[in-house]
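Asker: For the protein sequence lines, the chains are A and B, in the order given.
Residues 839 to 1164, numbered by the working numbering, are exactly what the first sequence covers, in order.
Residues 839 to 1164, numbered by the working numbering, are exactly what the second sequence covers, in order.
For every residue, glycine included, the Cβ atom is placed at its ideal position computed from N, Cα and C.
Treat the numbers as computed from the prediction; the structure is a model and nothing was measured.
My questions all concern the structure below.
Protein chains: 2
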Amino acid sequence: MASHAGVSMTTVSDVVNGKGRVDPATRQRVLDSVRDVGWRPRRSARALRSGETGIFALCFPRREHGVQDWLLNADYDMALVAACAAAAVDSGRQLLLAPRPTDLEDLARLDVDGVIIADPQEHDPALRILDQAGIPTVTVERDIRRDDKWWVGTDNTGGANSALDHLTRQGARRIALLTADERWSWFADTTAAYRAWCADHRLRPLVRTINADDPRTSAAEAVRSLLRLKNPPDAVLALPQGSALGVLDAAAAAGIGVPDDLKLIAGIDSQTLMVSQPPVTAINQQPMRIAQAAVALMIKRVTGDDVPGPTLVATDLVVRHSTASL
Amino acid sequence: MASHAGVSMTTVSDVVNGKGRVDPATRQRVLDSVRDVGWRPRRSARALRSGETGIFALCFPRREHGVQDWLLNADYDMALVAACAAAAVDSGRQLLLAPRPTDLEDLARLDVDGVIIADPQEHDPALRILDQAGIPTVTVERDIRRDDKWWVGTDNTGGANSALDHLTRQGARRIALLTADERWSWFADTTAAYRAWCADHRLRPLVRTINADDPRTSAAEAVRSLLRLKNPPDAVLALPQGSALGVLDAAAAAGIGVPDDLKLIAGIDSQTLMVSQPPVTAINQQPMRIAQAAVALMIKRVTGDDVPGPTLVATDLVVRHSTASL
DNA sequence: TTGAAAGCGTTACCAT
DNA sequence: ATGGTAACGCTTTCAA
């Protein structure tokens, strides 16, 4: 390449990196050669030289069923992935999709500038390994056992409050919560917010923990039992992805009308909730904003900027027919 | 690292690469040092040396609205991404998510062993650039203007035939097709298959091209006009993602019962079709198998193996209530 | 069984 | 304004 243009490697490097010290004529000659030869810089060589790969990794939890289903099949995850990739590209970087690193072997493969961990579990082992290896990490949602400011998360408390207030405004007097495994901050924080809200309003909390791996069926079961209470709920906040459909199933089976006899809000939005009968009001967790915030935070972390604390992203209540007042 | 273990770089390299020539004792000593020092090989250095990055890129079309929505919001794409990533990892590689390269700048950033192009358009410019740069490429679905065997695709013809046969078996006599821009092979091939099937069955084809960017509304409009025909269809095969819901909308608005008066099959499956009223029979395009095939093909391409021709993946008809017979 | 040295492509530094 | 050289961390080749 250098020889084709009749200049030194240094000059080529200066030209492609826009260093001002090259003579305009030389500069043009080099650029022409670059086009002619079809030359392009090798990322690996640059990475080796600079110590930076220009790549962030996004790691989803591994499911137990096998590698096939790393990613939850939720609309939320799709938006998160797409927006992370877009944000990475906007910053001149790229996004690698990887499974959670579980051992040093995995780490060896994962030669990136930073790792974004989606939905960390309590004491997430991947985080321990990454910390140990000194790889900059940012989590999407927080590891509930980790004291750390490098995370971006949904404002679960605000989301819960706006949902509960909305239900109250629509006439609900006894609101049940369907939650799941509290090792995830989403469930833990929202449940805490729900209890606090109930205390504020002098209401008795009505919480059922369901199985997030089989949300529809287990939500339906939970609602069936709730409806048999002597003082049954007139509204449900159904957190886990997919659980709202189970609530609809149970209501339909019991001849309970939604929203007339039972109002319903889903804790996370998805396309199915727009199509269901009736369409279900949902908390939009703003995956795109979360993704942008995560990448922005990662950039701060790798460039050495400090941050005062975690980033909270406000939710947005998408009102649909399942919470219409009569 | 080498000095910590008291051996040469060569030996370290041989140990971590499992070359058999090292003495077991030495080997163990090196492994211990690796653990102690927390050393891990740098991918960039290996890549520089070997010329292989161990990374494949998956490039989705850019939408016009901005970088935010590269990925279509379909379940199909989600599954494709996840399964490509999984397949890449299974082969010891990793998957990078990138926008379509549009110029040489983009290519410079994209230092990967191969690029998987999802849903190429007619004469996709990204393919031209990649070919020009000599970067191995595989497409998911085929560029209809490209004569090439390095693609994996859905068996659109088989899918169309099984859908049409199923409709016929369920009593349909006049089947309409909703398709879209035939620059995509999916629409082009399925439409051709539909016409051939009609010819075989001595039926007059009834085709409407709708706007895939606004599928629900434009499908509803198309169906509304179809229902006004003197000889209206009693079944619809609605190809574009989301169009089946528009068909349901139009039918409901016109007081036409599905499946009683109008049977419906969606050309691509999604979660919403399981929830809609009624649930809609759909062609499962097997995104996971497509993804596995794409990565497998890419591996063949980069390792120099030849292939006889493109890979076709069979579809699977998921029967739901919208095609029940009376 | 092990080691020394060259070289992958790039950029920083020091010379000219 | 430009060039030479070293160095980034690894693997391959050749030598001991």
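1. Are the beta-carbon atoms belonging to B:Leu1015 and B:Leu1067 less than 9 Å from one another?
2. Tell me, please, whether the CB atom of A:Met1112 is closer than 9 Å to any CB atom in chain B?
3. With distances taken from CA atoms, which of B:Trp988, B:Ala1031, B:Val950, B:Gly991 is nearest B:Ile973?
4. Which chain A residues sit within Cβ distance under 7 Å of B:Ala1132?
5. Determine the contact status of A:Ala1089 and A:Gly1095, defining contact as a CB-CB distance below 9 Å.
6. As an exercise, report each continuous alpha helix (DSSP H) stretch of at least 4 residues that is fully enclosed by the stretch 847-928 of chain B, in chain order.
7. Thinking C-beta only, is A:Val978 closer than 9 Å to A:Pro1148?
8. Using 8 Å as the Cβ pair cut-off and three pairs as the minimum, do the stretch 921-938 of chain A and the stretch 886-902 of chain A touch?
9. Closest to B:Gln1115 by C-alpha separation, out of B:Val1085, B:Arg867, B:Asp861, would be which residue?
10. Would you grab the beta carbon distance between A:Pro939 and A:Ile967 for me? Rounded to a whole angstrom, and I think it's under 8 Å.
11. Taking A:Pro1091 as the reference, give the member of A:Val1118, A:Val1061, A:Gln1109 with the closest Cα.
12. So which residues of chain B does A:Ser1081 contact, with C-beta pairs closer than 7 Å?
13. Against chain B, does A:Leu1102 count as a neighbour if the rule is that its beta carbon must be under 9 Å from one of theirs?
14. Taking a Cβ distance cut-off of 7 Å, strictly less, list which residues of the stretch 866-889 of chain A are near chain B, in chain order.
15. Mind reading off the beta-carbon distance from B:Asn999 to B:Ala1030? Whole number of angstroms is fine, and I expect it under 8 Å.
16. Taking C-beta pairs closer than 9 Å, name the residues in chain A that B:Gln1124 reaches, listed in chain order.
17. In the DSSP assignment, find the unbroken alpha helix (DSSP H) run with B:Thr995 in it and report its ends.
18. Near A:Ala840, which residues of its chain fall below 8 Å by C-beta distance, leaving aside the five closest residues on each side in sequence?
19. Out of curiosity, what's the CA-to-CA distance linking A:Gly1142 and A:Ala1037?
20. Which bits of chain B does A:Thr891 rub up against, with CB to CB less than 8 Å?
21. What in chain B is Cβ-close to A:Arg947, meaning under 8 Å?
22. For B:Leu918, go through chain A and note every residue whose CB falls closer than 8 Å to its CB, in chain order.
23. Are any of the Cβ atoms in chain A nearer than 9 Å to that of B:Val953?
24. I need the DSSP call for B:Thr1141, collapsed to helix, strand or coil.
25. Is the beta carbon of A:Arg1040 closer than 9 Å to that of A:Leu1083?
26. I'd like the list of long-range same chain contacts for B:Leu948, defined as Cβ closer than 7 Å, with 5 residues on each side in sequence excluded.
27. Using 10 angstroms around the beta-carbon of A:Leu1164, count the other beta-carbons present and answer buried if the total reaches 16, otherwise exposed.
28. Here's the rule: buried if 16 or more other CB atoms are within 10 angstroms of the residue's CB, otherwise exposed. What is B:Gly856?
29. Rank A:Glu890, A:Leu965, A:Asp852 by C-alpha distance to the C-alpha of A:Leu945 and give the top, closest one.
30. Which term fits B:Ala1152, buried or exposed, when burial requires 16 or more other beta carbons within 10 angstroms of its beta carbon?
31. Along chain A, which residues have their Cβ under 7 Å away from the Cβ of B:Pro937?
32. Cα-Cα, which of B:Ser888, B:Val1145, B:Ala1129, B:Leu942 is closest to B:Ala971?
33. Note down the Cα distance separating A:Thr1028 from A:Leu1155, rounded to an integer number of angstroms.
34. Report back the beta-carbon spacing between B:Asp954 and B:Met1136 to the nearest angstrom; my notes put them in contact at under 8 Å.
35. For A:Leu968 and chain B, any beta-carbon pair shorter than 9 Å?
36. So, is the C-beta of B:Asp993 closer than 9 Å to a C-beta in chain A?
Answerer: This is what the structure gives:
1. no
2. yes
3. B:Val950
4. Per Cβ cutoff of 7 Å: no residues; B:Ala1132 is ~15 Å from chain A at best.
5. yes
6. 847-854, 862-875, 881-888, 913-928
7. no
8. yes
9. B:Val1085
10. 6 Å
11. Sequence check: residue 1091 of chain A is Ala here, not Pro. For the residues A:Val1118, A:Val1061, A:Gln1109, the minimum Cα distance to A:Ala1091 belongs to A:Val1061.
12. Those do not exist, as A:Ser1081 stays about 13 Å from chain B at its closest Cβ, beyond 7 Å.
13. no
14. Gly876, Arg878, Pro879, Arg880, Arg881, Ser882, Ala883, Ala885, Leu886
15. At roughly 12 Å, the Cβ-Cβ gap does not stay under 8 Å, so B:Asn999 and B:Ala1030 are not in contact.
16. The contacting residues do not exist; B:Gln1124 stays about 12 Å from chain A at best.
17. 994-1007
18. Ser846, Met847, Thr849, Val850
19. 42 Å
20. Arg881, Ser882
21. Arg881, Gly892, Gly930, Gln932
22. In chain order: nothing, as chain A lies at least about 11 Å away.
23. no
24. coil
25. no
26. Ala895, Ala936, Pro939
27. exposed
28. exposed
29. A:Leu965
30. exposed
31. Val927
32. B:Leu942
33. 15 Å
34. Note that residue 954 of chain B is Ile in the sequence shown, not Asp. Right, their Cβ atoms sit about 6 Å apart.
35. no
36. no
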